[in-house]
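Each number in our numbering comes from the position in the sequence shown (counting from 1) with 217 added on.
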Amino acid sequence: VSLSLLKVNLTLSGYSQYTLSFTNTFPRRYGNEVFTYNGMTSEAPYNTSIAYFNGTYVPAMIWRGEVKGLTAFSSFNLQIDAQFTNIEFFGVNGSVIGDLDNSYVSSYFSHNGFLFNLTINNVESHMKLVINPNAEYGKAKVSSMISVSNIPVVIEITDKGVESTAEVQLYHQVVVIEPAMLVSVNVNGYGEYVTVFPNGTAEYVRIASPSYVNVTNITLNSNHYTAQVVKVNSTISGYIVFNVSLLKNETFVVFKQTSNGMVQLNPNDYFIYNGKIIVFDDPSTTYYIVYGYKPSIQTPFTNVEILMIAVVVLVII
């Protein structure tokens, strides 16, 4: 009896996909992300962007990586291709509001045997969504891209505050012909002040360290006030920001010395932050912080009596 043995070809295909939502840690912003699959690793750099999150667009950082593996012998062949994407979303003050981790893995295995051939194709897709329920985010009104020490940073002005891929130290609305937002951000220890305008453009603001602050008696409209006289570097061009310690716990007005006399600054261009008076301006060389003075129409003062008291305070931002 003669029998012919037929060679069998066996193919198995599998597909699985699931979504998880749970609390977990987030990747470190502005750092490379390491992806691992079956002992193989891939290090992916970051990109800054704007991404869609729960009905609105927010600042985001994106990491993409790929791992490939190949093992081949005379009788079998194994190929693996794993692709990873991680998106981190940022809200008000640069807080992390969510993280999406997505992976796609395809593998191919073939074996040439004496009696049969075996082929396995496998595809896996995994998605992990991590949400921070305590973080706040809003509807974007203005978006801008800046650079902090050559590091790209996304800033968004929203109805809830300022969002950014960087850490937001402070923000305050100022007036430069039109309302704009003064923002201080920090990336890996590097800080920067910028002014973001309604059209999305941004201008860098230089930090001016006053050389000294004199405590002074000043007379305005026949009334006597206590004031601080602040002198800053006149060589700085563009917008500046400086701070001085709050002298008295009462209302105050900031003036600057011009060729036409003393001009009152817009009240939006100075504010108190952590016990300091922060002043934003297109710079002059001399400023007066007058305590107890009630704001009035911004009219230059040409005749001002100033009695200097020799008290000098060094101020460093």
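All C-beta atoms, glycine included, are put in the ideal place defined by N, C-alpha and C.
So the beta strand (DSSP E) Thr412 belongs to, where does it begin and stop? From DSSP, the beta strand (DSSP E) with Thr412 extends over 407–413.
Counted within 10 angstroms of its Cβ, other Cβ atoms place Val284 as buried (16 or more) or exposed: A residue is called buried once 16 or more other Cβ atoms fall within 10 Å of its Cβ, and Val284 is buried on that count.
Using 8 Å as the threshold, is the segment 366–380 in touch with the segment 263–280, meaning 3 or more CB pairs across them? Between the segment 366–380 and the segment 263–280, the count of Cβ pairs shorter than 8 Å is three or higher; the stretches touch.
Could you please give the first and the last residue of the uninterrupted beta strand (DSSP E) stretch that includes Tyr456? For Tyr456, no beta strand (DSSP E) run applies, since DSSP gives it neither H nor E.
Quick test of the definition: if touching needs 3 or more C-beta pairs under 8 Å, does the segment 340–350 touch the segment 309–325? In this structure the segment 340–350 touches the segment 309–325; the number of beta carbon pairs closer than 8 Å is three or more.
My output table needs one value for Pro484: the three-state DSSP class, helix, strand or coil. Three-state DSSP puts Pro484 in a helix.
For the structure I just gave you, are there three or more beta carbon pairs, one from the segment 350–362 and one from the segment 374–383, closer than 8 Å? Flag = yes, the segment 350–362 and the segment 374–383 touch.
Limits of the beta strand (DSSP E) - the one that Gly315 falls within: It spans 313–329 - the beta strand (DSSP E) in which Gly315 sits, taken as one unbroken run.
Using 8 Å as the threshold, is the C-beta distance between Lys473 and Thr443 below it? For Lys473 and Thr443, no; Cβs fall outside 8 Å.
Flag this pair as touching only if the segment 504–511 and the segment 467–481 have three or more C-beta atom pairs under 8 Å; answer yes or no. Inter-segment contact for the segment 504–511 and the segment 467–481 is present: three or more beta-carbon pairs are separated by less than 8 Å.
Where Tyr410 and Val385 are concerned, what is the direct C-alpha to C-alpha distance, given to the nearest angstrom? Roughly 10 Å separates the two Cα atoms.
Under the three-state reduction of DSSP, which class applies to Ile394: helix, strand or coil? DSSP places Ile394 outside both helix and strand once states are collapsed to three, so it counts as coil.
Give me whichever residues DSSP pairs with Leu463 in a beta bridge. For Leu463, which the question treats as bridged, DSSP gives no partner whatsoever.
For Gly478, write down the residues that DSSP places opposite it in a beta bridge. DSSP, once it has assigned bridges, lists Thr475 as partnering Gly478.
Can you tell me which of Val400, Lys448, Gly311 puts its alpha carbon nearest to the alpha carbon of Tyr490? It is Val400.
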